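Some notes on the structure that comes next.
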Amino acid sequence: MKPLDLTGAVVIVTGAARGIGQATAAAFTTAGATVHPADLDPTPSAAPTAPNPTSTAQARSNTHQPPAHPSLNTHPTPSNSGDGNATTAEAHAGQQQTRPTPAVRQLDVTSRDSFKQFVDDVLDQHGRIDVLVNNAGVMPLGSFLDEDDAISRATLDVNVWGLIHGMRLVLPGMLANRHGHIVNIASMAGKIPFPGMAVYNASKYAAVGLTAAVRRELHGTGVTASAVLPSAVRTSLSSGVRLGGILPTVDPEDVAAAVLRTCRTRQPELAVPRWLGGWKLLDGLVPSTVMAHARRLAGDDRGLYADPAARASYTERVSTFSTSRH
359 MKPLDLTGAV
369 VIVTGAARGI
379 GQATAAAFTT
389 AGATVHPADL
399 DPTPSAAPTA
409 PNPTSTAQAR
419 SNTHQPPAHP
429 SLNTHPTPSN
439 SGDGNATTAE
449 AHAGQQQTRP
459 TPAVRQLDVT
469 SRDSFKQFVD
479 DVLDQHGRID
489 VLVNNAGVMP
499 LGSFLDEDDA
509 ISRATLDVNV
519 WGLIHGMRLV
529 LPGMLANRHG
539 HIVNIASMAG
549 KIPFPGMAVY
559 NASKYAAVGL
569 TAAVRRELHG
579 TGVTASAVLP
589 SAVRTSLSSG
599 VRLGGILPTV
609 DPEDVAAAVL
619 RTCRTRQPEL
629 AVPRWLGGWK
639 LLDGLVPSTV
649 MAHARRLAGD
659 DRGLYADPAA
669 RASYTERVST
679 FSTSRH
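Per the working numbering, the sequence shown starts with residue 359, numbered consecutively.
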């Protein structure tokens with residue numbers, strides 16, 4: 359499949375006010391795309407700027423932080439220095455020039471009407487959408503039995519229905535043009551079960567399966583779909599969770615680099631870091647007792663033991679969002 363030319367490409371990024379979404383919007387801006395960033399809470403975490411594509415390489419700092427309303431920006435993603443260098447802006451030398459990333463507009467991905475209005479506005483301006491990055495997401499942690507039903511529903515609505523709404527709204531135009539690419543920010547939690555995030559796991563398994571199935575349906579149309587699967591990401595989403603050790607931890611810019619890489623390669627899935635993609639294969643080949651020991655060494659149950667005080671602010675935002683919808 360021919361790589362996408364991002365110069366002048368019309369790109370929508372959800373969950374773009376901070377963290378992975380903000381880094382991704384900046385990376386596309388650097389590449390010369392026309393970016394339309396969106397978030398439930400459109401106030402950015404800091405004034406975002408993007409290096410001029412003729413001058414500097416994208417810095418790799420990745421913090422996937424949740425929005426003040428947590429529905430638009432929350433996917434832990436690990437990344438790899440190799441991925442970061444592969445797809446962001448290219449020169450390390452040269453004068454640093456900055457360009458502002460376009461202002462973030464409000465969008466509730468759980469509302470089809472809200473998403474449709476946003477897509478229609480972009481189509482009215484440009485007549486097409488070349489790339490959709492479904493990045494919005496939430497990640498509650500804790501025991502499965504202790505998680506409130508409203509929070510579980512909100513997790514599935516944001517992490518699954520947000521993708522479905524976006525894809526169904528942009529695909530008709532892409533198919534008519536026989537051109538386009540969709541990137542769904544999933545997670546390695548869409549391949550590997552983690553105690554303490556059962557419903558989040560379910561939503562990310564759904565994201566991976568949805569992307570793969572739709573990709574098959576799109577075969578031969580000129581339109582593609584990819585899933586990006588990060589490990590833990592340094593953002594407020596992972597606040598209160600012990601990071602490091604065997605479990606790889608990445609920055610938002612690493613995930614953004616992987617997103618742009620899929621625009622070039624059109625590959626079905628890309629783990630961040632890339633070597634982590636082999637874990638699932640290993641899981642099927644190695645005896646279960648050995649893998650269970652490896653999981654314990656990696657601390658795969660960290661979600662059960664996150665510091666409640668450190669996560670209090672994020673947990674409150676998720677709770678407020680979930681209860682406000684019913």
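We treat Cβ as the ideally placed atom computed from N, Cα and C, and that holds for glycine.
Just so you know, these numbers come straight off a predicted model, no measurement behind them.
(1) Relative to the ligand HEM, is the shortest distance from any of its heavy atoms to the C-beta of Val462 smaller than 8 Å?
(2) Among Asp609, Ser584, Glu611 and Ala615, which one has its Cα closest to the Cα of Arg624?
(3) Do Val541 and Val467 have their C-beta atoms within less than 9 Å of each other?
(4) On the DSSP letters alone, give me the boundaries of the beta strand (DSSP E) that Gly487 sits inside.
(5) I need the straight-line Cα distance from Arg632 to Asp507, nearest angstrom please.
(6) Could you check what DSSP says for Glu505 in three-state terms: helix, strand or coil?
(7) Rounded to a whole number of angstroms, what is the C-alpha to C-alpha distance between Gln483 and Ser646?
(8) Looking at the unbroken alpha helix (DSSP H) that takes in Pro530, where does it start and where does it end?
(9) Would you check if the distance between the CB atom of Val581 and the CB atom of Gly538 is smaller than 9 Å?
(10) Have a look at the DSSP bridge pairing and note the partners of Ser584.
(11) Looking at Met555 and Met497, is the spacing between their C-beta atoms short of 9 Å?
(12) In whole angstroms, what is the alpha-carbon distance linking Ala614 and Gly379?
(13) Kindly indicate which three-state DSSP category Arg669 falls into: helix, strand or coil?
(14) I need the straight-line Cα distance from Arg376 to Ala384, nearest angstrom please.
(15) Sorted by chain position, which residues of the same chain lie with C-beta nearer than 8 Å to Leu481's C-beta, five sequence neighbours on each side aside?
(16) Is Arg624 helix, strand or coil by DSSP?
(17) In this structure, does DSSP put Ile378 in helix, strand or coil?
(18) Going by DSSP, what residue range makes up the alpha helix (DSSP H) through Val467?
(19) On the three-state DSSP scale, how would you describe Gly598?
(20) At the level of alpha carbons, what is the spacing between Phe473 and Phe386?
(21) Rounding to the nearest angstrom, what Cα-Cα distance links Glu505 and Thr513 in this structure?
(22) For Asp397, which residues does DSSP report across the bridge?
(23) Using CA atoms only, rank isn't needed, just tell me which of Thr382, Arg573 and Gly373 is closest to Gln464.
(24) Quick one: what does DSSP say Thr372 is sitting in, helix, strand or coil?
(25) Within 10 angstroms of its Cβ, does Gly366 collect 16 or more other Cβ (buried), or is it exposed?
(26) Applying the 10 Å Cβ sphere with the 16-neighbour rule, what's the burial state of Ser680?
(27) In angstroms with no decimal places, state the Cα-to-Cα distance between Leu499 and Arg619.
(28) May I have the straight-line CA-CA distance separating Glu627 from Val591, to the nearest angstrom?
(29) Using a 10 Å radius around the Cβ and a threshold of 16 neighbouring Cβ atoms, would you call Pro402 buried or exposed?
(30) Rounded to a whole number of angstroms, what is the C-alpha to C-alpha distance between Thr459 and Leu364?
Judging by the given coordinates:
(1) You won't find the ligand HEM in this model; it holds no ligand whatsoever.
(2) Translated into the one-based positions of the sequence shown, residue 624 becomes position 266. When each option's Cα is compared against that of Arg624, the closest is Ser584.
(3) Looking up residue 541 in the sequence shown gives position 183. Looking up residue 467 in the sequence shown gives position 109. Their beta carbons are not under 9 Å apart, which means Val541 does not touch Val467 by this criterion.
(4) As a working mapping, residue 487 is identified with position 129 in the sequence shown. In the sequence as displayed, the identity of residue 487 is Ile instead of Gly. First-last for Ile487: undefined, no H or E at that position.
(5) Here residue 632 refers to the residue found at position 274 of the sequence shown. Here residue 507 refers to the residue found at position 149 of the sequence shown. Distance between the alpha carbons of Arg632 and Asp507: 34 Å.
(6) The residue you call residue 505 lines up with position 147 of the sequence shown. Three-state result, Glu505: coil.
(7) One-based indexing of the sequence shown puts residue 483 at position 125. One-based indexing of the sequence shown puts residue 646 at position 288. Computed Cα separation, rounded: 54 Å.
(8) Position 172 of the sequence shown, counted from the first residue, corresponds to residue 530. Where Pro530 is concerned, the enclosing alpha helix (DSSP H) stretches over Gly520 to Asn535.
(9) As a first step, residue 581 is located in the sequence shown; it is residue number 223 there, counting from the start. As a first step, residue 538 is located in the sequence shown; it is residue number 180 there, counting from the start. The answer is yes: Cβ separation under 9 Å.
(10) If you number the sequence shown from 1, residue 584 lands on position 226. DSSP, once it has assigned bridges, lists Val541 as partnering Ser584.
(11) For the purposes of this step, residue 497 is taken as the residue at position 139 of the sequence shown. For the purposes of this step, residue 555 is taken as the residue at position 197 of the sequence shown. Going by C-beta atoms, Met497 is nearer than 9 Å to Met555.
(12) If you number the sequence shown from 1, residue 614 lands on position 256. If you number the sequence shown from 1, residue 379 lands on position 21. If I take the Cα positions, the gap works out to 8 Å.
(13) The count along the sequence shown starts at 1 and reaches residue 669 at position 311. In the structure shown, Arg669 sits in a helix (DSSP, three-state: H, G or I).
(14) As a working mapping, residue 376 is identified with position 18 in the sequence shown. As a working mapping, residue 384 is identified with position 26 in the sequence shown. Each residue's alpha carbon lies about 11 Å from the other.
(15) As a working mapping, residue 481 is identified with position 123 in the sequence shown. Here the set comprises Ile487 and Gly531.
(16) If you number the sequence shown from 1, residue 624 lands on position 266. DSSP places Arg624 in coil when its eight states are reduced to three.
(17) On the sequence shown, residue 378 is found 20 positions in, with the first residue counted as 1. Reduced to three states, the DSSP call for Ile378 is helix.
(18) What you label residue 467 is simply residue 109 of the sequence shown in a count that begins at 1. Element bounds for Val467: n/a, residue is neither H nor E.
(19) As a first step, residue 598 is located in the sequence shown; it is residue number 240 there, counting from the start. With a pLDDT of 49 at Gly598, under the threshold of 50, the modelled position of this residue cannot be trusted; read the value that follows with caution. Gly598: coil per DSSP, three-state reduction.
(20) Position 115 of the sequence shown, counting from 1, holds the residue named residue 473. Position 28 of the sequence shown, counting from 1, holds the residue named residue 386. Whole-angstrom Cα-Cα distance: 21 Å.
(21) For the purposes of this step, residue 505 is identified with residue 147 of the sequence shown, where counting begins at 1. For the purposes of this step, residue 513 is identified with residue 155 of the sequence shown, where counting begins at 1. C-alpha separation (whole angstroms): 11 Å.
(22) Here residue 397 refers to the residue found at position 39 of the sequence shown. Partner(s): Gln464.
(23) For the purposes of this step, residue 464 is identified with residue 106 of the sequence shown, where counting begins at 1. Among Thr382, Arg573 and Gly373, the Cα nearest to that of Gln464 is on Gly373.
(24) Position 14 of the sequence shown, counted from the start, is the residue given in the question as residue 372. Residue state, collapsed to three classes: coil.
(25) Here the question's residue 366 lines up with position 8 in the sequence shown. The residue is exposed, with fewer than 16 neighbouring Cβ atoms inside 10 Å.
(26) Taking the sequence shown and counting its residues from 1, one reaches residue 680 at position 322. When all chains shown are included, Ser680 counts as buried.
(27) Taking the first residue of the sequence shown as position 1, residue 499 is located at position 141. Taking the first residue of the sequence shown as position 1, residue 619 is located at position 261. In a straight line, the C-alpha of Leu499 is about 30 Å away from that of Arg619.
(28) Counted from its first residue, the sequence shown places residue 627 at position 269. Counted from its first residue, the sequence shown places residue 591 at position 233. Roughly 18 Å between the two C-alpha positions.
(29) Residue mapping note: residue 402 aligns to position 44 of the sequence shown, counting from 1. Result: buried.
(30) Here residue 459 corresponds to residue number 101 of the sequence shown, with the count starting at 1. Here residue 364 corresponds to residue number 6 of the sequence shown, with the count starting at 1. Approximately 15 Å between the Cα atoms of the pair.
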